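First comes the structure, then the notes that go with it.
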Amino acid sequence: MTLQELRTQFIAQLTPLYGEEEATTFFYWLTEAFLEMRRVDVAIAFSQELTSIEEERFNDATAKLLQYIPIQYIVGKTSFYGLEFNVNEHVLIPRPETEELVDWIIKDVRKQSNQEIKILDIGTGSGCIAISLANELPQATVSGIDVSEQALTTARVNAKENNVEVKFIQQDILNTEGIETYDIIVSNPPYVRDLEKEEIKQNVLAHEPHLALFVADDNALIFYRKITALAKESLTKEGSLYFEINQYLGKETKEMIEAKGFEKVSLKKDFFGNHRMIKATLK
Ligand SMILES: C[S@@+](CC[C@H](N)C(=O)[O-])C[C@H]1O[C@@H](n2cnc3c(N)ncnc32)[C@H](O)[C@@H]1O
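In the working numbering, the protein residues as written are -3 to 279.
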């Protein structure tokens, strides 16, 4: 089979589920991952014959995409804040809105000074937040906590492959009584309520770790309350707490943080205009 024939067949099979544009994007994602060929390379090699192993890899990926397995899990990689991260079923696929949170922190730190700082990322998953901060802020000593040992195994590999030092700790934050002192605490904890499951795409619902995503409808802020209480006791005087938040719970989250004694609490909108981030400082 030639590359052109493969392309025609692949797009025809996936268009009914994903639409032609996304099916085409997936095709080139796979040519890059499996054949190291970008779109321009494919265009000039349309008549190239594939080996049977290559054909099998595409057939296998097609079958997985037909089961709504996210393409990032199929190729095992995704990019985040300019770095490459390994991803698998034990870690959430990093999202663009989380890049905006990371960007906010980096810009704030750069505005302040070059002094050494300590950062903690709670619910680190693939390590995308912790590793990106360590990469961008050489003055920072960064740690990441997650309850999932399997997620931490992936995070450790990601730190090594991106040549940064991050200390990863297995810990259940909901059962943690106290933490060390930090200048910045950041968290993108589970925040999707069970009632919001209907809004979630099938590929997320069926394949991404529920431990990373869901909270009970009647206790949606459970992680935010606990982390805010820990941060209140352990942030340095000038320190800041940053959260990615549920876009429907901005007001409640802000009020809860204020009630716990934080003086300045600011909500920030993401690229799509939804309240998705909060920064809180003690003074
Ligand atoms: C929304 S994901 C965020 C992953 C990553 N930080 C990101 O932004 O892509 C939440 C993470 O919190 C972790 N988690 C869930 N319950 C936890 C707990 N009780 N203590 C610590 N981490 C927990 C999950 O394993 C998951 O990796």
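Ideal Cβ positions, reconstructed from N, Cα and C, are used throughout, including at glycine. These figures come from a predicted structure and were not determined experimentally.
Pairing Ile274 with Leu263 gives a Cβ-Cβ distance under 7 Å.
Residue burial annotation: Gln68 is buried, with at least 16 other C-beta atoms found within 10 angstroms of its C-beta. Under the 8 Å Cβ criterion, the region 203 to 215 counts as touching the region 85 to 92, having at least three qualifying pairs. Of the other Cβ atoms in all chains shown, fewer than 16 fall within 10 Å of the Cβ of Leu191; this residue is therefore exposed. Note that the C-beta distance between Gly269 and Ala208 is not below 7 Å.
The Cβ atoms of Phe30 and Arg53 sit closer than 7 Å to each other. Within the chosen limit of 6 Å, ligand 1 does not reach the beta carbon of Asn131 with any heavy atom. Nearest neighbour of Ala227 by Cα position, chosen from Thr172, Phe267 and Lys265, turns out to be Thr172. DSSP places Ser128 inside the alpha helix (DSSP H), whose first and last residues are Cys124 to Glu132.
Per DSSP, the beta bridge partners of Met273 are Glu240 and Lys264. Around the beta carbon of Thr94, 16 or more other beta carbons sit within 10 angstroms, so the residue counts as buried.
The beta-bridge partner set that DSSP reports for Asp117 consists of Gly140 and Val182. In the three-state scheme derived from DSSP, where H, G and I count as helix and E and B as strand, Lys233 is classed as strand.
Beta-carbon to beta-carbon, Gln0 and Ser43 are separated by about 7 Å, close enough to satisfy the 8 Å threshold. Excluding residues up to 5 positions away in sequence, Lys222 lie with their Cβ nearer than 6 Å to the Cβ of Leu170 in the same chain. In this structure, Asn184 has its beta carbon less than 6 Å from a heavy atom of ligand 1. Your pair Asp117 and Gly140 checks out as a contact, with CB atoms roughly 4 Å apart and the cut at 8 Å.
In the pairwise beta carbon analysis, the region 177 to 187 is classified as touching the region 225 to 245: at least three pairs are separated by under 8 Å. Cβ-Cβ separation between Ala126 and Val138: approximately 5 Å, consistent with a contact (criterion under 8 Å).
Judged by DSSP secondary structure, Ser48 falls within the alpha helix (DSSP H) whose first and last residues are Ser48 to Leu62. Collapsing the DSSP output to three states places Ile89 in coil. Counted as a single uninterrupted DSSP element, the stretch harbouring Leu245 is not any beta strand (DSSP E), since DSSP gives it neither H nor E. For Arg189, the closest alpha carbon among the candidates Asn199, Phe219, Lys163 and Val160 is that of Phe219.
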